[in-house]
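Quick note, the sequence shown lines up with residues 1 to 440 if you use full-length UniProt numbering.
Built from N, CA and C at the ideal position, the CB exists for glycine as well.
Just so you know, these numbers come straight off a predicted model, no measurement behind them.
Here the structure is laid out as structure tokens; the discussion comes afterwards.
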Amino acid sequence: MDEERMSGEATVITVKSAVPHHNLDDGYASSASSPHSTGLVSSQSQLCGKKRTRGSLKSAGGKQSLKSQNSTSSDDSEVVNREVEVRLVQLGGGGGKAGGYEVVLSNVEGGGGGGGGEAGDGRETWTSNADFLLSIIGFAVDLANVWRFPYLCYRNGGGAFLVPYLLMLVFGAVPLFYMELILGQYNRQGPVTVWRICPLFKGVGLCAVLVAFYVSFYYNVIISWSLYFLVASMTPDLPWLHCNHTWNTKLCTDQDGLNVSALSHSPASEYFHRGVLEMQRSPGLHDMGFPKWQLVLCLATVYSMLYLSLFKGVKSSGKVVWITATMPYVVLSILLVRGLTLPGALSGIQYYLQPDLSKLKETQVWVDAAVQIFYSVGAGFGVHLSYASYNSFHNNCYRDCIVTACVNSFTSFFSGFVIFTYLGFMSHKQGVHIKDVATE
Numbered sequence: 001m002d003e004e005r006m007s008g009e010a011t012v013i014t015v016k017s018a019v020p021h022h023n024l025d026d027g028y029a030s031s032a033s034s035p036h037s038t039g040l041v042s043s044q045s046q047l048c049g050k051k052r053t054r055g056s057l058k059s060a061g062g063k064q065s066l067k068s069q070n071s072t073s074s075d076d077s078e079v080v081n082r083e084v085e086v087r088l089v090q091l092g093g094g095g096g097k098a099g100g101y102e103v104v105l106s107n108v109e110g111g112g113g114g115g116g117g118e119a120g121d122g123r124e125t126w127t128s129n130a131d132f133l134l135s136i137i138g139f140a141v142d143l144a145n146v147w148r149f150p151y152l153c154y155r156n157g158g159g160a161f162l163v164p165y166l167l168m169l170v171f172g173a174v175p176l177f178y179m180e181l182i183l184g185q186y187n188r189q190g191p192v193t194v195w196r197i198c199p200l201f202k203g204v205g206l207c208a209v210l211v212a213f214y215v216s217f218y219y220n221v222i223i224s225w226s227l228y229f230l231v232a233s234m235t236p237d238l239p240w241l242h243c244n245h246t247w248n249t250k251l252c253t254d255q256d257g258l259n260v261s262a263l264s265h266s267p268a269s270e271y272f273h274r275g276v277l278e279m280q281r282s283p284g285l286h287d288m289g290f291p292k293w294q295l296v297l298c299l300a301t302v303y304s305m306l307y308l309s310l311f312k313g314v315k316s317s318g319k320v321v322w323i324t325a326t327m328p329y330v331v332l333s334i335l336l337v338r339g340l341t342l343p344g345a346l347s348g349i350q351y352y353l354q355p356d357l358s359k360l361k362e363t364q365v366w367v368d369a370a371v372q373i374f375y376s377v378g379a380g381f382g383v384h385l386s387y388a389s390y391n392s393f394h395n396n397c398y399r400d401c402i403v404t405a406c407v408n409s410f411t412s413f414f415s416g417f418v419i420f421t422y423l424g425f426m427s428h429k430q431g432v433h434i435k436d437v438a439t440e
């Protein structure tokens, strides 16, 4: 072995060790001052910070190998290790003398190179990058894109609203979104444990989880309403078309070209508030009454579907998103084609796009743009960070960030065309101005 060291040629020894994430940088190297194994130990100790590595060189079958045993000090308990490749490179020396050794650390990807399985740290990875991309797109594109953005765009100057919206996207949402993906992918941890890199901000992760927890109640209830309407739409006589039901009041009027909106209620409005929610049975929050079993059943169905989609982790959710992330575009396209055939649709689109640049002087317009873009992209909820933690280490998360931001913005703008074609039709049918039907 000594003869091999003195040959003056580079010798590469590949082994596996474990070092903390924050001390690992591809291509980072440290030269040992001694050609002996103690030089390797001192170099690794310097690279690994608090990590203490005991190593030894020995000859095995005519080849050199390195066996390492790691021990972590008690004050380093929060450092999460990644399996890395340690390469011991002998540097050629002049005059028959050895030039020392160089220790080079690089990542070991394990099974996470895009084909699924587990990475070197035991954490499972996405089957393909498309699964991850569709997952973050599916989370970003939600109800806020479909029903809230078109209304805000109309209320805040039509096409002029795109100016503050895009500025907030570029200078606010995208950097924060990108940071979440980087933190998750590099550290391969969830939104709570990732803050071990800086325990002072551990509360940030806890708050993100709590916010996502509360918002899930809000969204899942709305989805349960949609499921209720889906079942009701399968009946021969749609219950929101006429005023001959038990929940209707005397103010309910079939609005077919009659301008009586100030004195009457539409059948659809009364069906939702009195037929579905049954708000007339409760005088207020102090007496909410018993839950409606049909809505409870719909909500239980929604949570059951969520469980079945997630109970196997990214292996199951990665398959579900191929449907959940693409189906909205199919449905929106069908609705747009149908809406364009209705009378008054073009007038609705005109109101949607009509720019009012004077609105840009109002502070509330910029506030609405900031709230909408952050809420729509989903930055700050910890979900993107969690999704990214299942990526392979070298995944191009910058590309995923830009693609998701562009798709999210396009979906919001596209949804506006769909919504306002029907608002234009409602305005034409009821004989009222579109501003009287375009409500949040």
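Do you know how far the Cα of residue j is from the Cα of residue i?
i, j, result
"Gly27", "Trp366", "In this prediction, Gly27 has a pLDDT of 40, which is less than 50 and means its spatial position is unreliable; what the coordinates show is noted afterwards. C-alpha separation (whole angstroms): 44 Å."
"Lys359", "Tyr165", "13 Å"
"Glu143", "Ile373", "The sequence as given places Leu at residue 143; Glu does not occur at that position. C-alpha separation (whole angstroms): 13 Å."
"Gln185", "Thr125", "10 Å"
"His286", "Met279", "13 Å"
"Gly348", "Phe420", "5 Å"
"Trp225", "Leu295", "7 Å"
"Leu335", "Val418", "6 Å"
"Ser269", "Trp240", "8 Å"
"Leu230", "Cys198", "47 Å"
"Val407", "Tyr387", "18 Å"
"Val215", "Phe311", "20 Å"
"Ser317", "Val221", "21 Å"
"Tyr228", "Tyr271", "12 Å"
"Leu152", "Leu340", "22 Å"
"Val337", "Ala345", "11 Å"
"Cys252", "Gly172", "46 Å"
"Cys397", "Leu200", "26 Å"
"Val170", "Val432", "38 Å"
"Ser128", "Asn395", "10 Å"
"Glu362", "Asp356", "11 Å"
Return helix, strand or coil for residue i, following the three-state DSSP convention.
i, result
"Cys252", "strand"
"Gly284", "strand"
"His384", "helix"
"His273", "helix"
"Glu124", "strand"
"His245", "coil"
"His265", "strand"
"Gly313", "coil"
"Lys202", "helix"
"Phe290", "coil"
"Gln189", "coil"
"His428", "helix"
"Leu238", "coil"
"Val437", "coil"
"Gln354", "coil"
"Asp142", "coil"
"Leu162", "helix"
Around the Cβ of residue i, are there at least 16 other Cβ atoms within 10 angstroms (buried) or fewer (exposed)?
i, result
"Met426", "buried"
"Ile323", "exposed"
"Thr411", "buried"
"Arg399", "exposed"
"Pro191", "buried"
"His265", "buried"
"Phe161", "buried"
"Cys243", "buried"
"Ala300", "exposed"
"Tyr307", "exposed"
"Trp195", "buried"
"Met234", "exposed"
Let me check understanding here. Comparing Cα to Cα, which of the options lies closest to residue i?
i, options, result
"Phe381", "Met168, Val211, Gly172, Arg155", "Val211"
"Ser415", "Val437, Thr235, Ser333, Arg281", "Ser333"
"Gly122", "Arg188, Thr301, Val221, Asn244", "Arg188"
"Leu342", "Thr235, Lys429, Tyr375", "Lys429"
"Val276", "Phe290, Trp247, Tyr218", "Trp247"
"Ala130", "Val320, Asn145, Met305", "Val320"
"Tyr329", "Ser316, Lys361, Gly138", "Gly138"
"Lys250", "Arg274, Met234, Tyr228", "Arg274"
"Gly205", "Tyr228, Ala379, His433, Asn396", "Ala379"
"Tyr154", "Val432, Gln354, Asn391, Ser409", "Gln354"
"Met327", "Val141, Thr127, Ser128", "Val141"
"Asp237", "Pro267, Thr253, Tyr219", "Pro267"
"Phe393", "Gly172, Ile182, Val170", "Ile182"
"Leu297", "Trp147, Val331, Ile223", "Ile223"
"Tyr219", "Leu385, Tyr303, Val163, Gly159", "Tyr303"
Report the CB separation of residue i from residue j in whole angstroms; it is logged as a contact under 8 Å.
i, j, result
"Tyr352", "Pro150", "7 Å"
"Leu133", "Val403", "7 Å"
"Ala370", "Phe177", "In fact, because the Cβ distance is near 14 Å, the residues do not count as touching under 8 Å."
"Asn156", "Asp368", "6 Å"
"Val314", "Tyr390", "5 Å"
Let me check you understand the geometry: is the CB of residue i closer than 8 Å to at least one non-hydrogen atom of the ligand FAD?
i, result
"Thr326", "Although the ligand FAD was asked about, the structure shown includes no ligands whatsoever."
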